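See below for the structure under consideration.
2 protein chains.
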Amino acid sequence: MARRGDTIELAVLGLLHEGPMHGYELRKRLNLMLGWGRVLSYGSLYPALKKMLRATLITEVADTSTPVNRRPRITYEVTAAGNEHFQRLMSEVGPTAWEDDNFDIRFAFFSSTDMEIRLRVLEGRRSRLQERLARVQGELERTQAEVNRYAAELNRHGVESVEREVRWLSDLIRAERGDESSPTSTTPATSPATPHGSTPRASND
Amino acid sequence: MARRGDTIELAVLGLLHEGPMHGYELRKRLNLMLGWGRVLSYGSLYPALKKMLRATLITEVADTSTPVNRRPRITYEVTAAGNEHFQRLMSEVGPTAWEDDNFDIRFAFFSSTDMEIRLRVLEGRRSRLQERLARVQGELERTQAEVNRYAAELNRHGVESVEREVRWLSDLIRAERGDESSPTSTTPATSPATPHGSTPRASND
DNA sequence: GTTAGCATGTAAGGAGTTACATGATTTT
DNA sequence: AAAATCATGTAACTCCTTACATGCTAAC
């Protein structure tokens, strides 16, 4: 049930969870957040907002702080139904749930869910990556011999990158398990839950 | 002029450059080659082949080796015009040229172009990544302070990954420059042009 | 015998981009 | 004065995926 287009919805809901915002700002924050993938266009953001309004996941709120004479901005706020929907999307386990964009968005909003869901997402992503790793490496042994060196090098680099991400996820999972002190708080604690910083050098070389 | 959809075209042309193939096999090879991104569906491959036939970039060839009683397979071969188009796409410098998928495909078919183009592609990709790195890191200093730790961690990981790719590209560029012995040959030479294998530990930490 | 893989296609629909349309304000 | 940024939207179009349609063969 987690369709591809739910990613924008999740992102908007996640951002509004941190406070009301208008469209233009949502787009900026989102593009900064995704940064490495595609940039979101107005052509998809505004219609998405309209759709979410109709579904009463968000509401327009009176714009208190429009600087004098400015074009009146439309500020959005998340509703109770919206928050419910957000939590549902965060914990969804559908087939598209572990794709790059979808995972990144979820991860970025981890502060707005609880540990149970965080762990489920991290572990889901990890096992998905491991599956792919196994499948690709298996097929490499059968076909790669006849393939040119550049394709082989690309594969090698790809495998290495994914292995790195798996290690990263493992560290996060370990941290999440070892650290009970993170109830849904927005302000970060004194000691962050992320123990890495430099590579754990997981004797994989 | 390098539209998004040219990626399939480039990939098909590149594969057929290594010898004639039928649709089903093209899809398999491609999905193995991309592996980490989306998988290509028949719904986009076959129409693309039809389109390329009309544009005479490829031709159907008599299927010599259909195992007895098998459904007759339609085998495609690249034409002279197709090869020209392939080289043009490989050396293209348009705005979509440095995106993940597009770069991966180009890289995988490096054996089918000459060093000049290989260097252009590698350097183009690298400077694109460096631009993004600079932009993101600049914006981080301004905004990241107020952002939650998970978003921050995601960013840290993203930056680290991109930095790794930049180092990888730098190694490849160096290898490409230092090694003149790679004329368009399909069979790999005794000593491959890729000098890495383990990380160069580029004192960036 | 039934599932999985080989093999080629089409039609409908979803999701998002590009380009267009508009206009104020701030910076250079 | 021009260019960039703020700010919101719509319409057309592209590209791709999903699901359907068909049928044969090899493996379990």
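Taken in order, these protein sequences are the chains called A and B. Take the first sequence: its letter number 89 is residue 89 in full-length UniProt numbering, and every next letter is one higher. Take the second sequence: its letter number 47 is residue 47 in full-length UniProt numbering, and every next letter is one higher. Positions of the beta carbon are idealized from the N, C-alpha and C atoms, including for glycine. The structure displayed is predicted, hence computed values, not measured ones.
What does the alpha-carbon distance come out to for the pair residue i and residue j?
i, j, result
"B:V159", "B:L133", "7 Å"
"A:H17", "A:E84", "11 Å"
"B:E60", "B:G82", "13 Å"
"A:L57", "A:A80", "8 Å"
"A:P47", "A:L26", "13 Å"
"A:G138", "A:S127", "16 Å"
"A:M115", "A:R38", "29 Å"
"residue 206 of chain B", "B:V78", "Chain B is shown from 1 up to 205; residue 206 of chain B falls before or after that span and cannot be answered."
"B:T184", "B:N148", "Model confidence at B:T184 stands at a pLDDT of 46, short of 50, so the residue's coordinates are unreliable; what they give is reported in the following sentence. Roughly 51 Å between the two C-alpha positions."
"B:R71", "B:D100", "36 Å"
"B:N102", "A:N155", "15 Å"
"B:K51", "B:L45", "10 Å"
"A:H157", "B:R125", "15 Å"
"A:S182", "A:L40", "Note on A:S182: pLDDT 49, under 50, position unreliable in the model; the coordinate value appears next. Cα to Cα, A:S182 sits roughly 31 Å from A:L40."
"A:W168", "B:A55", "47 Å"
"residue 211 of chain A", "B:R73", "Residue 211 of chain A lies beyond the stretch modelled for chain A, which goes from 1 to 205, so this question has no answer here."
"B:E153", "A:E153", "29 Å"
"A:A11", "A:D104", "10 Å"
"A:L53", "B:G19", "54 Å"
Is the beta carbon of residue i less than 8 Å from the beta carbon of residue j?
i, j, result
"B:M33", "B:T75", "no"
"B:G14", "B:L49", "no"
"B:L89", "B:E9", "yes"
"B:Y150", "A:A108", "yes"
"B:Q87", "B:T113", "yes"
"B:V136", "A:G35", "yes"
"A:E173", "A:E123", "The sequence as given places Ile at residue 173 of chain A; Glu does not occur at that position. It is a contact, given that the beta carbons lie within the stated cut-off."
Starting from residue i and walking both ways along the alpha helix (DSSP H), at which residues does that stretch end?
i, result
"A:I105", "D100 to A108"
"B:E77", "Taken as a continuous stretch (DSSP letters only), B:E77 belongs to no alpha helix (DSSP H), being part of the beta strand (DSSP E) at T75 to V78."
"B:R71", "Note, B:R71: premise wrong, no alpha helix (DSSP H); not H, not E."
"A:S161", "R149 to G178"
Might you give, ordered along the chain, the residues of its own chain that have their beta carbon closer than 6 Å to the beta carbon of residue i, omitting 5 neighbours on each side?
i, result
"B:V121", "R106"
Spatial neighbours of residue i within its chain, please: CB distance less than 8 Å, with the 5 preceding and 5 following residues excluded, ordered by chain position.
i, result
"B:Y42", "G23 and R27"
"B:V162", "L129, R132 and L133"
Leaving out the 5 sequence neighbours to the left and right, which residues in its chain are closer than 7 Å to residue i when beta-carbon positions are compared?
i, result
"B:F110", "R118"
"A:R29", "L15"
"B:D6", "L89"
"A:L140", "N155"
"B:G178", "none"
Write down every uninterrupted run of the beta strand (DSSP E) in the segment 1-66 of chain B whose length is 3 residues or greater and which is fully enclosed by it, in chain order.
58-61
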